[in-house]
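A.B. asks: Residue numbers (this note's numbering): 144 to 408.
1. Report yes if the CB atom of residue 174 is closer than 8 Å to the CB atom of residue 152, and no otherwise.
2. Suppose you measure from the CA of residue 147 to the CA of residue 325; what does that come to, to the nearest Å?
3. Is residue 235 helix, strand or coil when you go by DSSP?
4. Is it right to say residue 263 is buried, meaning 16 or more other beta carbons lie within 10 angstroms of its own, or is it exposed?
5. Under 8 Å Cβ to Cβ from residue 333, same chain only, skipping five residues before and after it: list those, please.
6. Exposed or buried, residue 224, counting other C-beta atoms within 10 Å across all chains shown (16 or more means buried)?
7. Does residue 209 come out as helix, strand or coil in the three-state DSSP assignment?
8. Express the C-alpha separation of residue 238 and residue 283 in angstroms, rounding to a whole number.
9. Going by the beta-carbon positions, is the gap between residue 231 and residue 348 smaller than 8 Å?
10. Residue range of the alpha helix (DSSP H) that residue 422 falls in?
11. Are the stretch 254–263 and the stretch 384–398 in contact at 8 Å, needing three or more beta carbon pairs?
12. Near residue 340, what residues of its chain come up, given a Cβ to Cβ distance below 6 Å and the 5 sequence neighbours on each side ignored?
13. Helix, strand or coil for residue 111? Go by DSSP, reduced to three states.
14. Give me the Cα-Cα distance between residue 186 and residue 323, rounded to the nearest whole angstrom.
15. Of all the options 203, 361, 251, 386, which has the alpha carbon lying nearest to the alpha carbon of residue 192?
16. Could you give the DSSP three-state label for residue 331: helix, strand or coil?
17. For residue 149, which of 357, 345, 158 has the nearest alpha-carbon?
18. Short of 6 Å in beta carbon distance, which residues of its chain neighbour residue 125, apart from the five on each side in sequence? Order them along the chain.
19. Going by the beta-carbon positions, is the gap between residue 194 and residue 216 smaller than 8 Å?
20. Can you tell me which of the three DSSP states residue 405 falls into?
21. Between residue 372 and the rest of its own chain, which residues show a CB-CB distance below 6 Å, the 5 nearest in sequence each way excluded?
22. List the endpoints of the continuous alpha helix (DSSP H) containing residue 159.
23. Going by beta-carbon coordinates alone, are residue 367 and residue 200 separated by less than 8 Å?
24. Rounded to whole angstroms, what is the Cα-Cα separation between residue 183 and residue 306?
25. Which residue marks the beginning of the alpha helix (DSSP H) containing residue 173, and which one marks its end?
Spelled out as structure tokens, the structure:
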């Protein structure tokens, strides 16, 4: 009945997704379950399929702005993509899904407040023109940081495949605080990693019959345009403003995870 609104919803959701790097699933899953009467697992699978399109469109724009650490992103995507596949498989085990969702949700609320406190203390910085090759080279030579990044990215992937949130809710804090990436590059690099995470997660859901391809395409058509708007807005904000916006989305995502785990949405 409301299918004609899907491209508009995709457009609006992808603005926030591209701006914050969260993927958009925190809005798409409730939208599909509440307005379109999707089963929760079908909403998660369809959301992940849509995020493939959103992350591709966002990453293309961020790559043009030279704000993506491509090599670092590819390394971390190996673990995140595997986690996405595992998370999608876990949806078949309701009890595990419930407890993991609750743990992720509560943990990310603490992360959100930590981001706000750090942003308040930090001096706001405007975006750099492009990525710093020396920074990426140093990261790729640091075995400890890479192993930490792989481990945490794997859990970010699990959150993506399990809950359909895209993984950015975990990946952006990991890049910012565990791996010391500036937030101006954490969000674009997170969207780049999400391409692979969402493909692997959606493929498992597709095998389980949890993806409505037509709805994903309709949402994806709107998300292509919305992603460009989100990327443009991102380039106009200071690092402090981006941190505040992302922290707000993180709280929304955390509450979403908790309610979803308790079967309220």
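Cβ atoms here follow ideal geometry from the backbone N, Cα and C, with glycine treated the same way.
C.D. replies: Taking the coordinates as given:
1. Yes. Within cutoff.
2. In this structure, the CA atom of residue 147 is about 39 Å from the CA atom of residue 325.
3. coil
4. exposed
5. 164, 310, 311, 314, 315, 318
6. buried
7. coil
8. 38 Å
9. yes
10. Here the chain comprises residues numbered 144 to 408, so residue 422 is not present and cannot be evaluated.
11. Here the stretch 254–263 makes contact with the stretch 384–398; the two share three or more CB pairs at distances below 8 Å.
12. Excluding positions up to five away in sequence, the list reads 223, 224, 227, 300, 303, 310.
13. The structure shown does not extend to residue 111, since the chain is modelled only from 144 to 408, so the question has no answer here.
14. 34 Å
15. 361
16. Residue 331 sits in a helix when the DSSP states are folded into three classes.
17. Closest by C-alpha distance to residue 149, out of 357, 345, 158, is 357.
18. Nothing about residue 125 can be read from this structure; the chain reaches only from 144 to 408.
19. no
20. coil
21. 158
22. 149–163
23. yes
24. 9 Å
25. 168–177
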